[in-house]
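In terms of the numbering used here, the sequence shown opens at residue 10 and continues consecutively. Comments concern the structure below.
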Amino acid sequence: LETLHASVAERWVGRVAQLRVPIDVSLPFADRVDSFVAQRGQLLEAVTPIRRAAAVHGPFSVEITARLRDGQAFLRAEVETVFAPELSGSRAEQLDALDMACSWAVWEGLRAGLGRSEAEAAATMRHSVVALVGPDATTG
Numbered sequence: 010l011e012t013l014h015a016s017v018a019e020r021w022v023g024r025v026a027q028l029r030v031p032i033d034v035s036l037p038f039a040d041r042v043d044s045f046v047a048q049r050g051q052l053l054e055a056v057t058p059i060r061r062a063a064a065v066h067g068p069f070s071v072e073i074t075a076r077l078r079d080g081q082a083f084l085r086a087e088v089e090t091v092f093a094p095e096l097s098g099s100r101a102e103q104l105d106a107l108d109m110a111c112s113w114a115v116w117e118g119l120r121a122g123l124g125r126s127e128a129e130a131a132a133t134m135r136h137s138v139v140a141l142v143g144p145d146a147t148t149g
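This is how it looks when you write it as structure tokens:
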């Protein structure tokens, strides 16, 4: 069964990888936020079916748990790269907050839990990013 889980995960990684385009860190903050939110929203929508299945089967599968951790680490690294210029001295806390604001769990809470549209969920993510690391954000 673990081999099957690994095979399914590999197929999904291939599909999702096509949605990711590197975002130029030298772009102005607003442009990076817009590009990031659009891309992250598409990615989170694409992985929702597999993430829901993983929520059911993951606790019983070492392979699924490992793949979810790898995926979260990848998404966190992307957040850290795209917003590196804005992350301040309290980098760990700021990065944790930014990572969570842009996570599938929050996206799913907005979409399924609160019934928000993709556009509304994206607007919330954009607002969160700007509030956390935008030019007027305050840090700890």
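Ideal Cβ positions, reconstructed from N, Cα and C, are used throughout, including at glycine.
Assignment of residue 58 by DSSP, reduced to helix, strand and coil, places it in the helix class. In this structure, DSSP gives residue 120 a helical state, which the three-state scheme calls helix.
Residue range 71 to 91 is occupied by the alpha helix (DSSP H) that includes residue 73. By the Cβ neighbour-count rule, residue 45 is buried, with 16 or more other Cβ atoms within 10 Å of its own. Per DSSP, residue 146 lies in no alpha helix (DSSP H) and is assigned neither H nor E. Contact check for residue 138 against residue 83 fails: the beta carbons are separated by 9 Å or more. The C-beta of residue 95 has 16 or more other C-beta atoms within 10 Å across all chains shown, which makes the residue buried. Of the other Cβ atoms in all chains shown, fewer than 16 fall within 10 Å of the Cβ of residue 122; this residue is therefore exposed.
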